[in-house]
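J.: In my numbering, the protein residues as written are 3 to 469. Heads up, the beta-carbon is just placed ideally off N, CA and C, and yes, glycines get one too. First, the structure itself, so that you have it in front of you.
Right, here's the structure in full:
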């Protein structure tokens, strides 16, 4: 079984002494100050049409330390200050590449408190971590072991809104092993009634973590609203609210990690929909529920775990009509929101002998209704050029235990798109390497496809059923 070396961050909770907490708090403040000063300088230079990069801001930092007003910057380690300038450079690079918005100033109350140390800013010896400007190692709760012989390259210390302290150690983990190839694939549709609907028919309930603590959260927020602004009582009330939010977040992430790990372990290929969550949360009636479901976190976890373990994640274009595909015959129907749990579709099919149509099958249509489906199946059918869609009383050809409807193939064997009401399948010659592919095209136009999509072994064109 092949192994690969990946960089992984191991996050632990620690309990600093009063002196260490004071030192870290000063470091957080200095990091925020330097970041804001550098951002202001670069913004002013941008207005003058001047170019300022990391090297220029690093020279500015040296000059700032020599002034009496900013002499306190010398009291903390210089490593986190340099790292925050690198983070600002990354933020501008993302902005110029149109991957992010213009960088914003950090707030003392709202922004995340963190400081990053490179290898010159800490000492990791005999299982103890000592940061620069500190005499004692941090009291870390080692909830899980580091990889054998691992040496952290970067250490990030942070404090969340609930007052908890965390340290994240970035290490190279050579123990990550690619999983053995599986012959199964799954299509996934995310939702609110059910968090996930799989093409196998399995429905995973939406845990709605926020709803469980909604009463306690509302009570804590009401009590905080009655406290005077800027008082110690309000600060204590705010921490109580933050602890409830932290509990909700921890439960949500824990559930998503367990779910994504199971999906990656059991399936070779996973098909999801390429949703634009940032636009979907603009719906004020569903924004709260969508945020609580954490669809973006779910996809992010799937993608990086698939890359680690040799799996494949395919994101179907958001305009692909997955919710309008009948799980019985395949062609588009007019399946509304009220019919997604079962019933009749626009094609007239009813959920009599087969499972009721469910939204996950739309993504599964990239493979066909028979799951799992292996490369041998494609090899048997690759030479055939005439595959018809059978009538209700005359089933079509059987492949892998499922009725051929024209919606055949997958990322390894074949991909289909649906322009102008015609179902087409083009099968690739070789299995694609494990990767994350975003497939373009669909009913709103046929976008250019990658080169591997244009190398067919077999091609079948099927007319849709007559109305």
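How many Å lie between residue 199 and residue 275 at the Cα?
T.: Between the C-alpha atoms of residue 199 and residue 275 there is a straight-line separation of about 12 Å.
J.: Per DSSP, what kind of secondary structure is residue 205 in: helix, strand or coil?
T.: strand
J.: Do you know whose CA, among 183, 108 and 48, lies nearest residue 313's CA?
T.: In terms of Cα proximity to residue 313, the closest of 183, 108 and 48 is 183.
J.: Count the other C-beta atoms from every protein chain shown that fall within 10 angstroms of the C-beta of residue 303, then say buried if there are 16 or more, exposed otherwise.
T.: The C-beta of residue 303 has 16 or more other C-beta atoms within 10 Å across all chains shown, which makes the residue buried.
J.: Identify every run of the beta strand (DSSP E) within the segment 255-317, keeping only runs that are complete inside it and at least 3 residues long; order them along the chain.
T.: Every beta strand (DSSP E) stretch that sits fully inside the segment 255-317 and reaches 3 residues is listed by chain position as 271-275.
J.: Between residue 64 and the rest of its own chain, which residues show a CB-CB distance below 6 Å, the 5 nearest in sequence each way excluded?
T.: Excluding residues within five positions, none has a Cβ falling inside 6 Å.
J.: Is it true that the segment 47-62 meets the segment 7-22, where meeting means three or more beta-carbon pairs spaced less than 8 Å apart?
T.: no
J.: Terminal residues of the continuous alpha helix (DSSP H) containing residue 167?
T.: Run containing residue 167: none in the alpha helix (DSSP H); it sits in the beta strand (DSSP E), 167-179.
J.: Is the separation between the beta-carbon of residue 264 and that of residue 211 shorter than 8 Å?
T.: No. Outside cutoff.
J.: Let's see if you can read the secondary structure: which residues bound the beta strand (DSSP E) around residue 130?
T.: 130-133
J.: For residue 470, count the other beta carbons within 10 Å of its own beta carbon; 16 or more makes it buried, fewer makes it exposed. Which is it?
T.: Because the chain is modelled from 3 through 469, residue 470 falls outside the range shown and cannot be assessed.
J.: Taking 8 Å as the threshold (C-beta atoms), are residue 78 and residue 32 in contact?
T.: yes
J.: Measure the beta-carbon distance from residue 207 to residue 194 and round it to whole angstroms, keeping in mind my assumption that it falls under 8 Å.
T.: About 11 Å separates the two Cβ atoms, so there is no contact after all.
J.: Tell me the rounded alpha-carbon separation between residue 180 and residue 321.
T.: In this structure, the CA atom of residue 180 is about 33 Å from the CA atom of residue 321.
J.: With DSSP collapsed to three states, give me the class of residue 160.
T.: strand
J.: Please report the Cβ distance between residue 40 and residue 75, rounded to the nearest whole angstrom; I am assuming they are in contact, meaning their Cβ atoms lie under 8 Å.
T.: Not confirmed; about 12 Å, so no contact.
J.: What are the start and end residues of the beta strand (DSSP E) that includes residue 115?
T.: 115-120
J.: Tell me which residue opens and which closes the beta strand (DSSP E) that residue 192 is part of.
T.: Its beta strand (DSSP E) spans residues 187-192.
J.: Can you look up residue 14 in the DSSP assignment and give me helix, strand or coil?
T.: strand
J.: Expressed to the nearest angstrom, what Euclidean distance is found between the alpha-carbon atoms of residue 156 and residue 94?
T.: 22 Å
J.: For the putative contact between residue 186 and residue 85, defined by C-beta atoms under 8 Å, what is the C-beta separation to the nearest angstrom?
T.: Taking a contact as a CB-CB distance under 8 Å, the pair residue 186 and residue 85 does not count as one, their CB atoms being some 43 Å apart.
J.: Between which two residues does the beta strand (DSSP E) harbouring residue 200 extend?
T.: 196-200
J.: Apart from the five residues on each side of it in sequence, which residues of its chain come closer than 6 Å, Cβ to Cβ, to residue 29?
T.: 78, 82 and 117
J.: Leaving out five residues before and five after residue 245 in sequence, what residues of the same chain have Cβ atoms less than 7 Å from its Cβ?
T.: 164
J.: With a threshold of 16 other CB atoms inside 10 Å of the CB of residue 97, please say whether the residue is buried or exposed.
T.: exposed
J.: Using the Cβ count rule (16 or more neighbours within 10 Å means buried), how would you classify residue 104?
T.: exposed
J.: Are there 16 or more other CB atoms within 10 angstroms of the CB of residue 140, so buried, or fewer, so exposed?
T.: buried
J.: Taking the alpha-carbon of residue 318 as reference, which of 188, 309, 251 and 43 has the nearest alpha-carbon?
T.: 188
J.: Using the three-state DSSP reduction, which class does residue 408 fall into: helix, strand or coil?
T.: Residue placement at residue 408 is flagged as unreliable, the pLDDT there being 34, under the threshold of 50; a coordinate-derived value is accordingly withheld.
J.: Under a three-way DSSP split, which group does residue 143 fall into?
T.: strand
J.: Decide if the segment 166-181 is in contact with the segment 6-14; the criterion is three or more beta carbon pairs, one per stretch, under 8 Å apart.
T.: The segment 166-181 vs the segment 6-14: in contact.
J.: Which term fits residue 296, buried or exposed, when burial requires 16 or more other beta carbons within 10 angstroms of its beta carbon?
T.: buried
J.: Is the beta carbon of residue 307 closer than 8 Å to that of residue 266?
T.: yes
J.: Cα-Cα, which of 273, 294, 262 and 281 is closest to residue 310?
T.: Residue 262 is the option with its Cα nearest to residue 310.
J.: Bridge partners for residue 30 per DSSP, in chain order?
T.: According to DSSP, which records beta bridges pairwise, residue 30 is partnered with nothing at all.
J.: With a threshold of 8 Å on Cβ separation, who are the neighbours of residue 393 within its own chain once the five nearest residues in sequence on each side are excluded?
T.: Residue confidence is low: residue 393 scores 37 on pLDDT, short of 50, so the model does not pin down where it sits. Its coordinate-derived value is still stated next. Cβ within range, chain order: n/a, list empty.
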